[in-house]
Amino acid sequence: MTRIKVPIEVLLSVSDQFDHASNQLKMINENLLRQIFMLMSNWYGQRGDLFQTDFKTAYEQMNVTIERMHVISQELKGIAVRFMDADQLNEFMGEQRMELFTKLSTTNNISEPSKSFLEKAGDVAADFGSGVKKALVIWGIH
């Protein structure tokens, strides 16, 4: 089984850094666009046209980069949320496993006939299933 040891706080921090950086780049890009428009209003000729074409290409590429950074930020947040959900499920299931272990390890009452291994396993599976159902209801999935 794969174990991921990245703390959720680190994922959220890096996500926030990507989001902040993409917002900063967006502001810088828009500021440069305004400044270039002012320059271009007084710059005529072939060199001005070439520069304007080059700038337009660079501006569009920067917008793609900004969007990708924003997407990365959102993906990291989504991963952090899934990790939190998995951790909560793991904690809940750990509690359920302990309850099941306790039930299996206790001795049966004398008046009650002893259960076979398969009967005990069936009881464990039923208890496990009801625990999963409870978890799904708690999280609003079911």
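The numbering used here puts the sequence shown at residues 196 to 337.
C-beta: ideal position from N, C-alpha, C; glycine also.
None of the values given here were measured: they were computed from a predicted structure.
- For ILE203 against ALA281, the beta-carbon gap comes to about 10 Å, at or over 8 Å, which does not count as contact.
- In the three-state reduction of the DSSP assignment, TYR254 falls in the helix class, which pools H, G and I.
- Membership of ARG229 in the alpha helix (DSSP H) is indicated by the continuous run 203-235.
- Rounded to the nearest whole angstrom, the CA to CA distance from PHE250 to LYS200 is 43 Å.
- SER268 is positioned such that its CB atom lies no closer than 7 Å to that of PHE232.
- A distance of 7 Å or more separates the beta carbons of LEU227 and ILE261.
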